[in-house]
Structures are given as C-alpha cells and as structure tokens.
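Heads up, the thing below is written out as structure tokens.
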Amino acid sequence: MKRAFLGRPPNPPNHLLKGATSFSVNSGIVWMEQKRFALHIMRDLGFGKTRMEVHIKEEIAHLLSELEEFQGKPANVRRFLAPSTSNNISALIFGRRIDYHDPMRILLDQVITELIRFFRPTSIHAWFPWVKSLLFYFKLWDYDKLEFAIEKLMAFVDKEIDEHQLSLDPNFIRDYMDGFLLQMEQRRYREPNTSFTRAMLKGNAPSLIGAGSTTVRATVEWTLLTMAKYQDVQKKIQDEIDEVIGHERTPNWADHIHLPYTEAVLMEVQRWKTVVPINLLRFTTEDSDVMGYDVPAGMTVIANIYAIHNDPDYWDEPHLFKPERFLSEDGKEVIKHECWIPFSLGKRACPGETLANVEVFLYATSLLQKFHIEFPEGKRHNFEGVVGATFEPTPYELCMVPRL
Numbered sequence: 036m037k038r039a040f041l042g043r044p045p046n047p048p049n050h051l052l053k054g055a056t057s058f059s060v061n062s063g064i065v066w067m068e069q070k071r072f073a074l075h076i077m078r079d080l081g082f083g084k085t086r087m088e089v090h091i092k093e094e095i096a097h098l099l100s101e102l103e104e105f106q107g108k109p110a111n112v113r114r115f116l117a118p119s120t121s122n123n124i125s126a127l128i129f130g131r132r133i134d135y136h137d138p139m140r141i142l143l144d145q146v147i148t149e150l151i152r153f154f155r156p157t158s159i160h161a162w163f164p165w166v167k168s169l170l171f172y173f174k175l176w177d178y179d180k181l182e183f184a185i186e187k188l189m190a191f192v193d194k195e196i197d198e199h200q201l202s203l204d205p206n207f208i209r210d211y212m213d214g215f216l217l218q219m220e221q222r223r224y225r226e227p228n229t230s231f232t233r234a235m236l237k238g239n240a241p242s243l244i245g246a247g248s249t250t251v252r253a254t255v256e257w258t259l260l261t262m263a264k265y266q267d268v269q270k271k272i273q274d275e276i277d278e279v280i281g282h283e284r285t286p287n288w289a290d291h292i293h294l295p296y297t298e299a300v301l302m303e304v305q306r307w308k309t310v311v312p313i314n315l316l317r318f319t320t321e322d323s324d325v326m327g328y329d330v331p332a333g334m335t336v337i338a339n340i341y342a343i344h345n346d347p348d349y350w351d352e353p354h355l356f357k358p359e360r361f362l363s364e365d366g367k368e369v370i371k372h373e374c375w376i377p378f379s380l381g382k383r384a385c386p387g388e389t390l391a392n393v394e395v396f397l398y399a400t401s402l403l404q405k406f407h408i409e410f411p412e413g414k415r416h417n418f419e420g421v422v423g424a425t426f427e428p429t430p431y432e433l434c435m436v437p438r439l
C-alpha cells in the first residue's frame with residue numbers, strides 16, 4: 036500500500052464526539068503516534084498473549100452459561116454475543132468488564148450499533164461532509180437520538196477518565212486509559228503540541244471499543260449461521276476439536292495450529308461473508324498512480340474488499356462456501372491466499388488483527404465444543420446481511436443444543 040493512501044478525509048465528524056477526537060479519523064504524525072502507542076500499551080497489557088487469552092476465556096464462560104439456560108430452545112444469540120465480545124475490549128480500555136445487564140453495558144451496545152449505521156462508507160454524508168450538518172440541524176434519520184445516546188456515552192467516558200486520574204499509579208498500569216494518562220503527564224510540559232490530550236483519549240476509547248468488538252461479533256455470528264446451514268462442516272470441526280482438545284479442556288489459542296480444518300473454515304467465512312466489505316475512506320496525501328491511472332492528491336478513495344474476496348480471477352466459484360480452498364491437498368496445512376484481506380492492507384490495516392484472530396478462534400471452538408448448532412424447526416436464514424460499517428446478518432435465532 037503506497038504512502039499516498041494513508042490519509043483520512045478532512046472534516047471528520049468530531050461534533051458527534053462532543054469536542055473529542057480520535058486517531059482513527061486523523062492522519063500523518065498524529066495517527067502514527069497514536070497507533071504506535073496503542074499497539075505498544077496493548078502489547079504490554081497482554082494483547083494477543085496469555086494474559087488477554089485468560090480474560091477472553093473467562094468472558095466466553097459467561098456466554099456459555101447464558102446460552103446453556105436455553106437448553107437447546109431458540110435463542111437470540113446476538114443479545115449475549117454483543118456484550119461478550121465488547122467486554123474483551125472494555126477490559127483493555129477500562130480495566131474491567133461490564134455486566135451484560137448493566138444499564139451502561141446496554142447503552143454502550145446501542146451506541147455502537149447506531150455508530151455502525153451512521154458511519155457506513157456508502158452513506159451520502161460520508162462523501163459530502165456538509166450533509167451531516169443538515170441532518171443534525173433538521174433532526175433527520177433519528178440522528179438527534181444518536182446524538183443524545185453519544186452524550187451519555189461521553190459522560191461515561193469522562194467519568195472513567197476522572198476515576199482513572201484519581202487512582203493512577205505510574206508503577207502499575209492497569210489498562211489503556213492508565214497508559215494514556217501517564218503519557219499525558221509526561222508530555223504535558225515538554226511537548227505543548229502533543230496529541231496526548233484528554234480530547235484524544237475521550238475519542239479513542241469508544242472508537243477502539245466499537246472497532247474491536249463489532250467485527251469479531253459479526254464474524255462469529257456468520258460462523259454460527261454457517262455451521263447451522265452446513266451440518267457436515269460442523270461435524271468435521273467438532274470431530275477435529277474432540278480429537279485434539281477433547282470434551283473437558285477449554286480451547287487455547289495454541290490449539291489453532293493443530294486444527295487446520297477449523298482454521299480453514301474460519302478463513303473461508305471471513306472471505307465468503309466479508310464483515311468489512313467497504314474499507315474506511317482514505318485520502319490521498321500526494322499525487323500517485325494505480326495500475327497506470329493517475330490519482331491526484333486530495334482525493335477521497337475507497338477499497339472494495341468485497342470485490343477482491345469475490346473476484347473469479349482469484350477465487351474458484353467465489354459464491355460458494357468452500358473451506359478446502361485454504362487447505363493443502365492432504366488437508367494438513369493451512370494455506371493463506373494473497374487476496375485474503377479481511378483486515379485490509381498496508382500501514383492502516385486493522386491494528387487489532389492479532390487479537391481478533393484469537394477471539395474468533397476461541398469463541399468459535401468453545402461454542403462448537405459445547406453446542407450442536409441448528410436452526411429452529413421450520414426456520415432457515417436467507418444469509419442476507421445488513422451493510423453498515425460492518426456486514427452483519429439480518430436478525431436470526433439459533434438452537435444451541437448442548438453436546439452430550
């Protein structure tokens with residue numbers, strides 16, 4: 036990915052964040068500095084390592100317990116999966132999980148859902164920033180309700196920042212917020228123009244939670260629906276899990292190298308049902324070219340990941356679900372295709388790819404170890420989705436039948 040395409044369009048919707056901003060909508064030095072810090076602090080906190088894996092497995096245990104209560108009867112899985120995946124990021128940001136039934140947990144999930152709808156790259160206001168002002172001025176498309184919800188969310192984040200400042204210990208960094216506040220203190224006087232400000236922290240927190248939870252949740256949902264549709268695939272995964280992990284031990288990330296068929300299925304789900312079909316908007320910072328076409332500076336550009344994942348020049352029968360395309364001929368090795376790019380490309384690719392892979396694997400294997408997944412009697416899913424900032428299934432129910 037060329038350097039020219041690393042920018043973000045001007046006029047980000049900071050008015051929605053009530054004076055806050057976020058590295059996800061910034062470019063240049065600010066974006067580079069904030070991304071570098073995010074990766075550094077999350078690595079120190081166990082990002083993709085054992086410490087984070089322990090938390091994810093604890094969160095999955097809560098989810099399994101909730102689903103077991105249905106005893107195989109139809110369940111709205113999203114109702115429990117959404118707060119579960121969101122809590123993994125909440126723990127990194129705030130240092131704690133938020134109970135499924137906590138009013139703030141419910142509000143947080145509602146705001147994330149609305150933000151996904153509002154920030155979809157295909158929206159007219161994504162291409163014509165002046166439209167946003169009209170929408171809010173005239174209270175169109177329920178954006179006034181979104182604004183009200185975000186006000187509550189920002190008040191919650193403000194409260195978390197205040198509490199973290201009061202209890203901050205430079206020798207014991209508990210979470211992302213602690214690390215950021217420490218950087219603020221250290222840079223306040225020596226770097227007057229630093230990007231480490233309260234406004235940046237206030238915007239980064241919900242941005243990271245939204246980006247880090249919705250994609251994982253949607254991927255797991257498509258996986259569960261696919262298992263209900265293709266019972267033979269589900270059985271092969273469960274046979275592999277039973278052989279490698281067994282029925283008693285919970286899955287670990289280290290198991291993924293011993294479960295090639297499971298890995299291939301998860302990769303094919305991410306290709307077949309591309310969760311981020313249209314990448315976030317980019318902005319050219321200098322003149323460039325793409326395959327002989329001139330692209331001048333100052334242009335808003337967009338990457339169509341869905342098109343790449345469904346191009347017959349790269350994939351045999353791309354409309355079909357075929358996990359074998361990611362396996363060697365003997366089925367013992369996973370083969371990654373160069374055109375498999377669910378996390379985008381280049382320096383602005385998803386910084387949470389490692390964590391997302393760990394989460395998707397642990398959720399999928401844990402659920403399939405404990406449950407046989409079926410559609411309710413007489414019902415099927417049409418496998419159509421809703422395109423927002425992510426591509427997620429239309430409403431559904433599944434029967435999560437405990438495996439004996």
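Using this note's numbering, the first residue of the sequence shown is number 36, and each one after it goes up by one. Backbone N, C-alpha and C define an ideal beta-carbon position, used for all residues, glycine too. Quantities reported herein were computed from a predicted structural model and do not represent experimental measurements.
Query raised in the report: Helix, strand or coil: which one does DSSP assign to Thr335?
Result: Taking the first residue of the sequence shown as position 1, residue 335 is located at position 300. Three-state DSSP puts Thr335 in a strand.
Query raised in the report: For Phe215, which residues from the same chain have a beta carbon less than 7 Å from its beta carbon, with the 5 sequence-adjacent residues on both sides left out?
Result: Taking the sequence shown and counting its residues from 1, the one referred to as residue 215 is at position 180. Excluding residues within five positions, the ones whose Cβ falls inside 7 Å are Phe231 and Leu236.
**Report entry** Distance, Met326 Cα to Glu394 Cα
**Finding:** Here residue 394 refers to the residue found at position 359 of the sequence shown. Here residue 326 refers to the residue found at position 291 of the sequence shown. Using only the alpha carbons, I get a separation of about 36 Å.
Query raised in the report: Taking the beta strand (DSSP E) that Pro437 falls in, what are its first and last residues?
Result: Numbered from its first residue, the sequence shown carries residue 437 at position 402. It spans Leu433 to Pro437 - the beta strand (DSSP E) in which Pro437 sits, taken as one unbroken run.
Report task. Classify Pro312 as buried or exposed, calling it buried when 16 or more other Cβ atoms lie within 10 Å of its own Cβ. Result -> Numbered from its first residue, the sequence shown carries residue 312 at position 277. Pro312 should be labelled buried.
Query raised in the report: What does DSSP give as the partner residues of Pro428 in its beta bridges?
Result: Counting from one through the sequence shown, the residue named residue 428 turns up at place 393. Partner(s): Gly420.
Query raised in the report: Between the C-alpha atoms of His97 and Ser119, what's the straight-line distance to the nearest angstrom?
Result: Position 62 of the sequence shown, counting from 1, holds the residue named residue 97. Position 84 of the sequence shown, counting from 1, holds the residue named residue 119. Computed Cα separation, rounded: 8 Å.
Query raised in the report: Which value, in whole angstroms, describes the spacing of the CA atoms of Glu149 and Thr258?
Result: The sequence position of residue 149 within the sequence shown is 114, counting from 1. The sequence position of residue 258 within the sequence shown is 223, counting from 1. If I take the Cα positions, the gap works out to 23 Å.
Query raised in the report: Buried or exposed: Glu298, going by 16 or more other Cβ atoms within 10 Å of its Cβ?
Result: Within the sequence shown, residue 298 is the residue found at index 263, counting from 1. So Glu298 counts as buried.
Query raised in the report: Using CA coordinates, which residue listed in Trp307, Gln221 and Glu103 is at the minimum distance from Glu427?
Result: For the purposes of this step, residue 427 is taken as the residue at position 392 of the sequence shown. Checked all of Trp307, Gln221 and Glu103; the closest Cα to Glu427 is Trp307.
Query raised in the report: Should the segment 339–355 be regarded as contacting the segment 235–255, the criterion being three or more beta carbon pairs within less than 8 Å?
Result: Segment contact: the segment 339–355 against the segment 235–255, fewer than three CB-CB distances shorter than 8 Å; contact not assigned.
Report task. Return the CA-CA distance between Asp290 and Tyr224, expressed in angstroms with no decimal places. Result -> Counting from 1 along the sequence shown, the entry for residue 290 is found at position 255. Counting from 1 along the sequence shown, the entry for residue 224 is found at position 189. Between the alpha carbons of Asp290 and Tyr224 lies a distance of about 48 Å.
Report task. Keeping to the same chain, check which residues put their C-beta closer than 6 Å to that of Ser57; ignore five residues upstream and five downstream. Result -> Looking up residue 57 in the sequence shown gives position 22. Closer than 6 Å at the Cβ level, and outside the excluded window around Ser57, lie Gly238, Asn239 and Ser242.
Query raised in the report: Which runs of the alpha helix (DSSP H) spanning at least 4 residues fall entirely within the segment 41–129, listed in chain order?
Result: 63–79, 85–103 and 112–129
Query - Segments of 4+ residues assigned as alpha helix (DSSP H) that fall wholly inside the segment 321–382 - result: Under the rule that a run must span 4 or more residues, the alpha helix (DSSP H) segments found entirely inside the segment 321–382 read 340–344.
Query raised in the report: Which residues in the same chain as Thr425 place their Cβ atom closer than 8 Å to its Cβ, once the five residues preceding and following it in sequence are excluded?
Result: For this step, residue 425 is matched to residue 390 along the sequence shown. Answer for Thr425: Ile151, Thr249, Thr250, Ala253, Val310 and Val311, listed in chain order.
Query raised in the report: Between which two residues does the beta strand (DSSP E) harbouring Glu394 extend?
Result: Within the sequence shown, residue 394 is the residue found at index 359, counting from 1. Not the beta strand (DSSP E): Glu394 falls in the alpha helix (DSSP H), residues Glu388 to Lys405.
Requested in this report: Could you tell me which uninterrupted beta strand (DSSP E) segments, each at least 3 residues in length, are contained entirely in the segment 226–260, listed from first to last along the chain?
Outcome: Entirely contained in the segment 226–260, not one beta strand (DSSP E) run reaches 3 residues.
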